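**Student:**
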Amino acid sequence: MNASRPNALARGACFAAIAATLVFATSACTTTTQRVAETRPVTRNSAPSSMSELRIAQSALDSGNIDLATTLFEKVVKADPHSVPGLAGLGDTLYAVGDFTRAGVYYERASAADASAAAPLVGSARVAIRQRRFDDAIATYRKVLARTPDEPMSSAGLGVALDMKGDHAAAQAVLRQALKTNPGDPVLSVNLGLSLVLSGNPREGANVLLDVTRFPGAPPQARQDLALAYGLLGNDDAAAQILGRDLPKASVRDNLRFYEAQRARMGAVTSGAALPTAVPLASVQAASIK
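The structure is reproduced here in structure tokens:
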């Protein structure tokens, strides 16, 4: 079989699949921003009130109060135009509402103020993924990881960028290595499971995702990715049962139709190969990283 054809089909359908997990991965990236803000030394333009405002702004952003977060980050930047946490925070608020271009501008300004700061680099990489500039995202994540090897959020982001580009083997190598340093990390595990599903190994991906979903506090995305694995294996009953925990019946039916369509597409690509063997899922890639 010509490998280039399924790879091309893969990239066409992949973005929607990986988008949901990316949401999960990058939501944790705001925590990275918070850590940077809290541990950054007080500079000559920083004051205790500014640090307090940064903490409140970050808490507001984490809780979804974008207006309050924006107001406070703007106040910090007005007091200190070179505040890296303030500039990166504004980038995060814009990213949260989908204004990726303007978010990228603030991340770049933050990096110009401090080239060693990780938070704005991670933000720039997230924007690059959203804008489908996967090579830029990969290069930026690798720059961060060169300083902090196997850091979970950057490793998860790099895995996403590689998956989006279609290099699933490299993505899985990055995620597995990071899991050695961060065993059981849910973001890394969910992304690895999805990568395995998308690369044509739904059974192996399901096994990874089962380890995550057996915990009561497992993120909904882990369950949805597990449902995708079962759906691609032809087990619609198990997929529907899993989806029903988080989605209304109409959405469950929509997902099941999607799985059926992808199985048909896989069959066409593989000239009728039987499902549930691990067929190349390069033609599927469409159900689940924000």
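Mind the numbering: the sequence shown is residues -25 to -1, 1 to 265 in mature numbering (1 follows the signal peptide of the UniProt record, and there is no 0), read in order.
Glycine residues also receive a C-beta, built at the ideal position from the N, C-alpha and C atoms.
It should be emphasised that the depicted structure is a prediction, and the values quoted were computed from it without experimental measurement.
Within the segment 83 to 170, note down every full alpha helix (DSSP H) run reaching 4 residues or more, in order along the chain.
**Tutor:** 93 to 105, 109 to 122, 127 to 140, 143 to 156
**Student:** With distances taken from CA atoms, which of Ala131, Pro95, Ile104 is nearest Val165?
**Tutor:** Your numbering for residue 165 matches position 190 in the sequence shown. Checking every option, the nearest Cα to that of Val165 belongs to Ala131.
**Student:** Ignore the nearest five residues each way along the sequence and tell me which others in Gln147's own chain have a CB closer than 8 Å to its CB.
**Tutor:** On the sequence shown, residue 147 is found 172 positions in, with the first residue counted as 1. So the qualifying residues of the chain are Gly134, Leu167, Ser170, Leu171, Ser174.
**Student:** What does the Cβ neighbour count give for Pro177, buried or exposed, with the cut at 16 atoms within 10 Å?
**Tutor:** Numbered from its first residue, the sequence shown carries residue 177 at position 202. That one is buried.
**Student:** Where does Asn210 fall in DSSP's three states?
**Tutor:** Translated into the one-based positions of the sequence shown, residue 210 becomes position 235. DSSP places Asn210 in coil when its eight states are reduced to three.
**Student:** Cβ of residue 274 within 8 Å of Cβ of Pro60?
**Tutor:** Limits of the chain in this structure are -25 at one end and 265 at the other, which puts residue 274 out of reach.
**Student:** Based on Cα-Cα distance, which residue from Ser25, Leu208, Met139 lies nearest to Ala54?
**Tutor:** As a first step, residue 54 must be located in the sequence shown, where it is residue number 79. The shortest Cα separation from Ala54 among Ser25, Leu208, Met139 belongs to Ser25.
**Student:** In whole angstroms, what is the alpha-carbon distance linking Gly209 and Arg238?
**Tutor:** If you number the sequence shown from 1, residue 209 lands on position 234. If you number the sequence shown from 1, residue 238 lands on position 263. Taking the straight line joining both Cα atoms gives about 8 Å.
**Student:** By a C-beta neighbour count over all protein chains shown, 10 Å radius and 16 as the cutoff for buried, is Cys4 buried or exposed?
**Tutor:** Start at 1 with the first residue of the sequence shown, and residue 4 comes out as number 29. Because Cys4 sits at a pLDDT of 39, beneath the cut-off of 50, its placement in the model cannot be relied upon, and the point is left open.
**Student:** Could you pull out every residue in the same chain whose Cβ sits closer than 7 Å to the Cβ of Tyr116, ignoring the five residues on either side in sequence?
**Tutor:** For the purposes of this step, residue 116 is taken as the residue at position 141 of the sequence shown. So the qualifying residues of the chain are Ala100, Ser129, Gly132, Leu133, Ala136.
**Student:** Buried or exposed: where does Val102 fall if 16 or more other Cβ atoms within 10 Å of its Cβ makes it buried?
**Tutor:** Residue numbering aside, residue 102 sits at position 127 when the sequence shown is read from its first letter. Result: buried.
**Student:** Gln199 and Leu185 - do their beta-carbons sit closer together than 8 Å?
**Tutor:** As a position in the sequence shown, residue 185 is number 210, starting the count at 1. As a position in the sequence shown, residue 199 is number 224, starting the count at 1. Cβ atoms of Leu185 and Gln199: not closer than 8 Å.
**Student:** Taking Cβ positions, are Ala63 and Ala32 nearer each other than 8 Å?
**Tutor:** Within the sequence shown, residue 63 is the residue found at index 88, counting from 1. Within the sequence shown, residue 32 is the residue found at index 57, counting from 1. The Cβ atoms of Ala63 and Ala32 do not sit closer than 8 Å to each other.
**Student:** Looking at C-alpha atoms only, which residue of Tyr205, Gln196, Asp160, Gly73 is the closest neighbour of Asn182?
**Tutor:** What you label residue 182 is simply residue 207 of the sequence shown in a count that begins at 1. The shortest C-alpha separation from Asn182 is found at Tyr205.
**Student:** Is it buried or exposed, Gln106, if we count other Cβ atoms within 10 angstroms and call 16 or more buried?
**Tutor:** The residue you call residue 106 lines up with position 131 of the sequence shown. It counts as exposed.
**Student:** Would you mind working out which of Ala225, Tyr70, Arg220 sits nearest Pro194, comparing C-alpha positions?
**Tutor:** Against the sequence shown, residue 194 aligns to sequence position 219. The shortest C-alpha separation from Pro194 is found at Arg220.
**Student:** For the alpha helix (DSSP H) that contains Asp186, what are its first and last residues?
**Tutor:** Here residue 186 is taken as the residue at index 211 of the sequence shown, counted from 1. 177 to 188 is the extent of the alpha helix (DSSP H) around Asp186.
**Student:** In the DSSP assignment, find the unbroken alpha helix (DSSP H) run with Ala193 in it and report its ends.
**Tutor:** Looking up residue 193 in the sequence shown gives position 218. First-last for Ala193: undefined, no H or E at that position.
**Student:** Are the beta-carbon atoms of Val97 and Val80 separated by less than 8 Å?
**Tutor:** Position 122 of the sequence shown, counted from the first residue, corresponds to residue 97. Position 105 of the sequence shown, counted from the first residue, corresponds to residue 80. No, the pair does not count as a contact, with Cβ atoms beyond the cut-off.
**Student:** Mapping the DSSP letters down to three states, classify Val72 as helix, strand or coil.
**Tutor:** Here residue 72 corresponds to residue number 97 of the sequence shown, with the count starting at 1. Reduced to three states, the DSSP call for Val72 is coil.
**Student:** Taking Ala44 as the reference, give the member of His57, Pro56, Ser58, Leu69 with the closest Cα.
**Tutor:** Walking along the sequence shown from the start, residue 44 turns up at place 69. Checked all of His57, Pro56, Ser58, Leu69; the closest Cα to Ala44 is Leu69.
**Student:** How is Asp37 classed by DSSP in three states: helix, strand or coil?
**Tutor:** The count along the sequence shown starts at 1 and reaches residue 37 at position 62. Reduced to three states, the DSSP call for Asp37 is helix.
**Student:** Tell me the rounded alpha-carbon separation between Lys140 and Pro95.
**Tutor:** Sequence index remark: in the sequence shown, residue 140 carries index 165 (1-based). Sequence index remark: in the sequence shown, residue 95 carries index 120 (1-based). Computed Cα separation, rounded: 22 Å.
**Student:** For chain C, find out if any of its Cβ atoms is closer than 8 Å to the Cβ of Asp229; answer yes or no.
**Tutor:** Absence of chain C from the displayed structure is noted, only one protein chain being present.
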